[in-house]
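Notes for the one structure printed next.
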Amino acid sequence: MGVEVVVEGLSKSFGKQTIWRDVSLTLPPGEISVLLGPSGTGKSVFLKSLVGLLKPEHGRIVITGTDIVRCSEHKLYDVRKLFGVLFQDGALFGSMNLFDNIAFPLREHTKKGEAEIRRIVLEKMEMVGLIGAEKKLPGEISGGMRKRAGLARALVLDPEIILFDEPDSGLDPVRVAYLNQLIVDLNAQIDATFLIVTHDIGTARTVPDNIGMLFRRELVMFGPREVLLTSTEPVVEQFLMGRREGPIGMSEEKDAGQAAAELAALRAGGTSGTLGGPKGGGGTGIVPQLEPTAGLPIRRAVERRRDRVMQILHTLPPSAQDAIINSLTREEQQHYGVFAGAGATQVQPPVQTATANQAPNPTPRPTPFPRTADLPQSEWQPQSGALSSDDAPAAAPAPGRKRGWLRRGGEK
Ligand SMILES: Nc1ncnc2c1ncn2[C@@H]1O[C@H](COP(=O)(O)OP(=O)(O)OP(=O)(O)O)[C@@H](O)[C@H]1O
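Quick note on the numbering used here: the sequence shown kicks off at 197 and runs consecutively.
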């Protein structure tokens, strides 16, 4: 199973330009998460921070007990070995054939012999459907094949966390659909933790278990996919629908008055609405999540996630609760004590699948839905979020400060 990534209170600036501040989220082990956000909101900066290529000024990133914001270079080197990264263009060496490109990390970072390297490279090339293309140069193949070659290279060191920086960029919709299926299939096979940065709404709606969104220098949301996909936050709706009307402007956020007037006109039916449409096909609401191709293992993350989400169900917005309950089978609904069609206010307290790191849940709760700003990060507290003893402890959260996993932009 992949490892968990805990991000707490992370802030990054370049000189006087704040990119984002106070970002907190947890990437659950083995699950697929997507990070959305308008261009320039710092998604790539976030990925680079996760892998230790950029240093945020505040906050921490805890991976297998190490805070990589503060650890030594030596420790960072060790933690980096857990990562595989698929860069936007595949980042292949133009003068090397695909075999040598994919073998490169093994030759650079391990002492494996050529026979072993060949076995591993061919195994990963098969996983991404590139068998037979070993001798091709990057310039001789399509963009989709280059992405898959980049992915094979990201896989050769058996990473526990894979970061995908806009895997859909430059691909036609059909190639994006194939790549999305490949991502889900890989997750089923290796059970690593995936984080995908994308603008593709089709990808965001069908691939991940969790979705987050950066806007106005903040993480406005991060949580189970059903939360963002049923959200009525103007910025989220605008993004999912690919509309011009709303808080997101051409090159920066809009004047609040202008955005409010546009939204009012839109709701009254007086503007062009979704004309132009987003990449990947827009839309809000839940659509089925992609499943692994027949014959592959099931995604082990799905069951873990179901247990995790049912533990925090009562903290979610009613529309997300309904969507989650409706996605369960009748047996699962009985197991968790929830009832489809009864409405979110009928949610029963989750059945306790007692684990060492979960507090008991003593009283049945009706569901007074809390303000989104007050929602907890998660009631699931995995152990690898704890710092190992040789790392500097991070500052405790300020008194009264909530670890919001779901926060409205601007609200505190
Ligand atoms: N090394 C750097 N030095 C200074 N500024 C930087 C650096 N890297 C990124 N930035 C700035 O950080 C901001 C966010 O950039 P980033 O590429 O992370 O955005 P993004 O959300 O990934 O955008 P896009 O969706 O267009 O790829 C931009 O204003 C960019 O100019």
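The beta-carbon is built from N, C-alpha and C at its ideal position, and this holds for glycine as well.
Presumed contact (8 Å Cβ cut-off) between residue i and residue j, rounded CB distance
{"i": "ILE298", "j": "MET321", "result": "6 Å"}
{"i": "VAL178", "j": "PRO513", "result": "Here the chain covers residues 197 to 608 and nothing more, so residue 178 does not appear."}
{"i": "PRO430", "j": "PRO420", "result": "About 21 Å; that fails the 8 Å criterion."}
{"i": "LEU232", "j": "ALA400", "result": "6 Å"}
{"i": "LEU347", "j": "LEU282", "result": "5 Å"}
{"i": "GLY248", "j": "VAL275", "result": "7 Å"}
{"i": "PHE295", "j": "LYS331", "result": "7 Å"}
{"i": "SER365", "j": "GLN284", "result": "5 Å"}
{"i": "VAL380", "j": "GLY398", "result": "About 13 Å; that fails the 8 Å criterion."}
Environment of residue i [buried if 16+ CB atoms lie within 10 Å]
{"i": "PHE289", "result": "exposed"}
{"i": "ASN522", "result": "exposed"}
{"i": "VAL483", "result": "exposed"}
{"i": "GLU269", "result": "exposed"}
{"i": "ARG612", "result": "Because the chain in this structure spans residues 197 to 608, residue 612 falls outside the shown range and cannot be described."}
{"i": "GLU362", "result": "buried"}
{"i": "GLY533", "result": "exposed"}
{"i": "MET197", "result": "exposed"}
{"i": "ILE494", "result": "exposed"}
{"i": "GLY328", "result": "exposed"}
{"i": "GLU227", "result": "buried"}
{"i": "ARG426", "result": "Checking the displayed sequence, the identity of residue 426 turns out to be Thr instead of Arg. Answer is buried; the Cβ neighbour count reaches 16."}
{"i": "ALA490", "result": "exposed"}
{"i": "SER408", "result": "According to the sequence shown, residue 408 is Gly rather than Ser. Burial call: buried."}
{"i": "ASP405", "result": "buried"}
{"i": "ALA460", "result": "exposed"}
{"i": "SER229", "result": "buried"}
{"i": "GLU200", "result": "buried"}
{"i": "GLN530", "result": "exposed"}
{"i": "ALA345", "result": "buried"}
{"i": "ASP396", "result": "buried"}
{"i": "ASP518", "result": "buried"}
{"i": "ALA555", "result": "Confidence at ALA555 is low in this model, with a pLDDT of 41, below 50, so its placement is unreliable and no value can be given for it."}
Residue i - DSSP class collapsed to helix/strand/coil
{"i": "LYS244", "result": "helix"}
{"i": "LYS277", "result": "coil"}
{"i": "MET417", "result": "strand"}
{"i": "ARG495", "result": "coil"}
{"i": "SER515", "result": "helix"}
{"i": "MET409", "result": "strand"}
{"i": "ASP396", "result": "coil"}
{"i": "ILE482", "result": "coil"}
{"i": "GLN213", "result": "strand"}
{"i": "GLU429", "result": "coil"}
{"i": "ASP171", "result": "The requested residue 171 is not part of the displayed model; the chain covers only 197 to 608."}
{"i": "LEU294", "result": "helix"}
{"i": "ARG371", "result": "helix"}
{"i": "VAL403", "result": "coil"}
{"i": "ARG256", "result": "strand"}
{"i": "LEU288", "result": "coil"}
{"i": "GLU527", "result": "helix"}
{"i": "LEU249", "result": "coil"}
{"i": "GLU304", "result": "helix"}
{"i": "PHE435", "result": "helix"}
{"i": "ASP218", "result": "strand"}
{"i": "VAL230", "result": "strand"}
{"i": "GLU487", "result": "coil"}
{"i": "VAL534", "result": "coil"}
{"i": "GLU204", "result": "strand"}
is_contact[residue i, chain D] using C-beta, thresh 8 Å
{"i": "THR489", "result": "Looking at the structure shown, chain D is missing, and only one protein chain is on hand."}
**OP:** Give, in chain order, every unbroken run of the beta strand (DSSP E) that is at least 3 residues long and sits entirely within the region 311-367.
**Re:** 357-361
Subject >> Residues near ligand 1, criterion Cβ-heavy atom distance below 6 Å >> reply: PHE210, ILE215, GLY233, SER235, GLY236, THR237, GLY238, LYS239, SER240, VAL241
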